[in-house]
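Residue numbers (our numbering): 331 to 596. Virtual Cβ for every residue (Gly too), placed ideally from N, Cα, C. Remember, predicted model here, so these are calculated numbers, not experimental data.
Below you can see the structure in the form of structure tokens.
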């Protein structure tokens with residue numbers, strides 16, 4: 331039986347995960363490693379199921395998801411808007427780009443204590459740190475994408491008296507859409523990392539708090555189970571962005587299908 335492309339893309343990671351889990355289980359049992367140091371995969375899965383079924387993990391996972399989504403939307407949305415403004419007005423880009431680059435050069439963990447001082451220990455601090463982490467990668471990708479549009483196509487639109495907004499919406503933004511969505515997929519992981527780091531610092535609620543608290547109590551299975559849940563959230567988030575990407579930037583899939591058809595016809 332021949333597997334389809336979608337089936338192969340799913341089967342390869344599953345086989346890899348199964349092999350890694352088998353190796354993990356063998357190492358733990360063969361070397362007699364204590365569960366406090368490295369629990370077996372079976373123990374982690376059992377602890378994950380217990381945490382989800384009893385509701386122990388849901389409030390913390392929910393808090394992480396809410397903060398991550400808020401910071402992701404704020405950071406990525408503002409990055410795209412700022413990139414669009416700077417791409418249209420080069421003097422403004424020359425004035426602001428060095429400042430944005432300096433902000434990116436600052437380690438975000440070093441900014442976290444100041445964020446806590448300014449906005450407190452509530453969810454706002456997590457949202458702001460996530461937004462700061464997501465901002466520059468999306469901004470840089472969006473700016474490059476908006477700058478890489480075919481100038482001949484822009485000149486053609488302007489020759490027919492198209493306004494700046496019309497050119498931006500119909501030429502520049504579609505040209506940069508593929509790059510922007512690629513950045514949005516990567517930003518999902520950055521957002522989760524930023525949120526968990528802030529939860530380590532605040533120590534009140536969320537998956538980061540649950541991991542740190544579990545480690546302090548030597549409940550290593552729960553700590554690893556929470557990490558697994560975060561990994562699943564990251565995969566789900568990137569797949570959602572990928573799904574939206576394929577639906578919004580539909581011309582890319584159509585062009586790829588046409589190219590494949592032409593190759594098969596040769």
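Beta-carbon contacts of residue i that lie in its chain and below 6 Å, excluding the five residues immediately before and after
{"i": "residue 410", "result": "472"}
{"i": "residue 540", "result": "390, 556"}
{"i": "residue 446", "result": "455"}
{"i": "residue 387", "result": "381"}
Span separating the alpha-carbon of residue i from that of residue j
{"i": "residue 545", "j": "residue 552", "result": "8 Å"}
{"i": "residue 413", "j": "residue 564", "result": "25 Å"}
{"i": "residue 485", "j": "residue 498", "result": "12 Å"}
{"i": "residue 390", "j": "residue 557", "result": "12 Å"}
{"i": "residue 403", "j": "residue 529", "result": "19 Å"}
{"i": "residue 338", "j": "residue 568", "result": "19 Å"}
{"i": "residue 428", "j": "residue 453", "result": "30 Å"}
{"i": "residue 354", "j": "residue 560", "result": "19 Å"}
{"i": "residue 406", "j": "residue 464", "result": "6 Å"}
{"i": "residue 361", "j": "residue 474", "result": "51 Å"}
Classification of residue i by the beta-carbon crowding that lies within 10 angstroms, buried from 16 upward
{"i": "residue 526", "result": "buried"}
{"i": "residue 369", "result": "buried"}
{"i": "residue 510", "result": "buried"}
{"i": "residue 378", "result": "buried"}
{"i": "residue 455", "result": "buried"}
{"i": "residue 444", "result": "exposed"}
{"i": "residue 458", "result": "buried"}
{"i": "residue 363", "result": "exposed"}
{"i": "residue 400", "result": "buried"}
7 Å Cβ shell around residue i - same chain, five flanking residues per side excluded
{"i": "residue 451", "result": "532, 534"}
{"i": "residue 384", "result": "none"}
{"i": "residue 422", "result": "415, 416"}
Residue i, DSSP secondary structure in three states
{"i": "residue 483", "result": "helix"}
{"i": "residue 443", "result": "helix"}
{"i": "residue 492", "result": "coil"}
{"i": "residue 405", "result": "helix"}
{"i": "residue 478", "result": "coil"}
{"i": "residue 411", "result": "helix"}
{"i": "residue 428", "result": "helix"}
{"i": "residue 573", "result": "helix"}
{"i": "residue 450", "result": "coil"}
{"i": "residue 437", "result": "coil"}
{"i": "residue 579", "result": "coil"}
Spatial neighbours of residue i in its chain, beta-carbon cut-off 8 Å, leaving aside the 5 residues before and after
{"i": "residue 578", "result": "507, 511"}
{"i": "residue 479", "result": "501, 502, 505, 506"}
Q. Which whole runs of the beta strand (DSSP E) in the region 337–402 are 3 residues long or more, in chain order?
A. Counting only unbroken stretches of 3 or more residues, no beta strand (DSSP E) element lies wholly within the region 337–402.
Q: Could I get the ranges of all uninterrupted alpha helix (DSSP H) runs contained in the region 501–565, with 4 residues as the minimum, in chain order?
A: Fully enclosed alpha helix (DSSP H) runs of 4 or longer: 503–532, 537–546.
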